[in-house]
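Here UniProt numbering is used: the first residue of the sequence shown is 1, the next is one more, and so on.
Cβ coordinates follow ideal geometry from the N, Cα and C atoms, glycine included.
Just so we're clear, the structure is a prediction, and the values are computed from it rather than from any experiment.
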Amino acid sequence: MSEVKQHIFQNITDEDWVAVAVHGGGGISFHRSHPAVKMFESISNFKVVYSVELPNHGRRGKSSKWFDVDEALRNVKEELQNKIAGKRVVFISYSVGGVLISKLWWTFKKTIDPKSICILTGCGLRLELHRKAVEDFWTVEYTLKNNKSMMEKAHGGDWELTIKSVNPWLARGASSWMTSGELQQLNAPESKMYFVIGTDPEEPFDISDITFALDKFSCSDKVYTIPSDHWSYFNKKWDFVQSAYLAILKKSCNLEPGPKLTQSKL
Numbered sequence: 001m002s003e004v005k006q007h008i009f010q011n012i013t014d015e016d017w018v019a020v021a022v023h024g025g026g027g028i029s030f031h032r033s034h035p036a037v038k039m040f041e042s043i044s045n046f047k048v049v050y051s052v053e054l055p056n057h058g059r060r061g062k063s064s065k066w067f068d069v070d071e072a073l074r075n076v077k078e079e080l081q082n083k084i085a086g087k088r089v090v091f092i093s094y095s096v097g098g099v100l101i102s103k104l105w106w107t108f109k110k111t112i113d114p115k116s117i118c119i120l121t122g123c124g125l126r127l128e129l130h131r132k133a134v135e136d137f138w139t140v141e142y143t144l145k146n147n148k149s150m151m152e153k154a155h156g157g158d159w160e161l162t163i164k165s166v167n168p169w170l171a172r173g174a175s176s177w178m179t180s181g182e183l184q185q186l187n188a189p190e191s192k193m194y195f196v197i198g199t200d201p202e203e204p205f206d207i208s209d210i211t212f213a214l215d216k217f218s219c220s221d222k223v224y225t226i227p228s229d230h231w232s233y234f235n236k237k238w239d240f241v242q243s244a245y246l247a248i249l250k251k252s253c254n255l256e257p258g259p260k261l262t263q264s265k266l
């Protein structure tokens, strides 16, 4: 089962915003001192961050069976929908978490405040048209022996399980892929979906993501590219990510941090 942790700064009112943060595959939920949570705390309009922990993640014990796509979608929807109904919401979702939220975004939009926005980080729209290319890419980039050390560093001893967990999301017929109808909805200006995508040539994962976003997502003014690889968004490249987040929040929501926000010393 998934779990939603609350990082509460102050009591929330009807005029306040809430943030929802969703981690990537193999990761853990954003903790209280996570840089993204600290960023939201610096903006007085945000009183709470709902930090989603995906099914079978975290440090509560290992599971031999990883969640499937439909289970994860259903699980996260049930955990979040009552907490955010009627609220002004900013979603920050990373990697596989971004794939999940992009599938749920239009469902959530029906019950949350229309000013709400969604920011996908390190994640493009998973399109049917690119399915074969992505399958080939994933097989090449993430099963080569020379990437073993990178996977171990990013995911520890669970890196092989992480690979196995993501494969179902890329399989033929998986629910994580965008249908043409969903793409049309997400491509509309009122969808309020934004992308923060790294383009570091040394790690080509996000080169693929930016192709998805720019080739098939016509609202390219909603795509923010930064010099990062897929593993560095919330550590050594956080300053770039934070700058993109703040630009989006100012542009779309007219929200700005207070004077106490400082750039990370990286």
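Going by C-alpha distance, which of the options is nearest residue i?
i           : options               : result
residue 102 : 49, 192 and 234       : 192
residue 54  : 70, 40 and 47         : 70
residue 247 : 232, 224, 238 and 230 : 224
residue 81  : 72, 108, 185 and 183  : 108
residue 257 : 44, 75 and 72         : 44
residue 196 : 242, 5 and 106        : 242
residue 184 : 106, 253, 238 and 236 : 106
residue 186 : 39, 31, 29 and 99     : 99
residue 270 : 97, 50 and 88         : With the chain represented from 1 up to 266, any question about residue 270 goes unanswered, as that position is not in the structure.
residue 110 : 235, 31 and 190       : 190
residue 253 : 88, 31, 28 and 30     : 88
Which word fits residue i, buried or exposed, when buried means at least 16 other C-beta atoms lie within 10 angstroms of its C-beta?
i           : result
residue 33  : exposed
residue 23  : buried
residue 134 : For residue 134, the predicted model reports a pLDDT of 43, less than 50, meaning its position is unreliable and no value from the coordinates is stated.
residue 114 : exposed
residue 7   : buried
residue 181 : exposed
residue 251 : exposed
For residue i, name the three-state secondary structure that DSSP assigns.
i           : result
residue 61  : Here residue 61 scores only 47 on pLDDT, less than 50, and its place in the model is too uncertain to base an answer on.
residue 255 : coil
residue 112 : coil
residue 15  : coil
residue 28  : coil
residue 10  : coil
residue 85  : coil
residue 93  : strand
residue 54  : coil
residue 188 : coil
residue 98  : helix
residue 119 : strand
residue 107 : helix
residue 47  : strand
residue 77  : helix
residue 237 : coil
Indicate whether residue i and residue j have their beta-carbon atoms separated by less than 8 angstroms.
i           : j           : result
residue 86  : residue 112 : yes
residue 104 : residue 77  : yes
residue 4   : residue 48  : no
residue 249 : residue 18  : no
residue 237 : residue 194 : no
residue 46  : residue 16  : yes
residue 233 : residue 39  : no
If I measure Cβ to Cβ from residue i and keep anything under 7 angstroms in the same chain, skipping five residues before and after, which residues do I get?
i           : result
residue 240 : 226, 227 and 228
residue 41  : 9
residue 74  : none
Leaving aside the five residues before and after residue i along the sequence, list all residues of the same chain whose C-beta is less than 6 angstroms from its C-beta, in chain order.
i           : result
residue 92  : 21, 36 and 119
residue 255 : 43, 45 and 249
Excluding five sequence neighbours on each side, which residues of the same chain lie with their C-beta closer than 8 angstroms to the C-beta of residue i?
i          : result
residue 11 : 47
Verify the contact flag: residue i, CB atom, against every heavy atom of the ligand GTP, threshold strictly below 7 angstroms.
i          : result
residue 45 : In the structure on display, the ligand GTP does not appear, and there are no ligands present to speak of.
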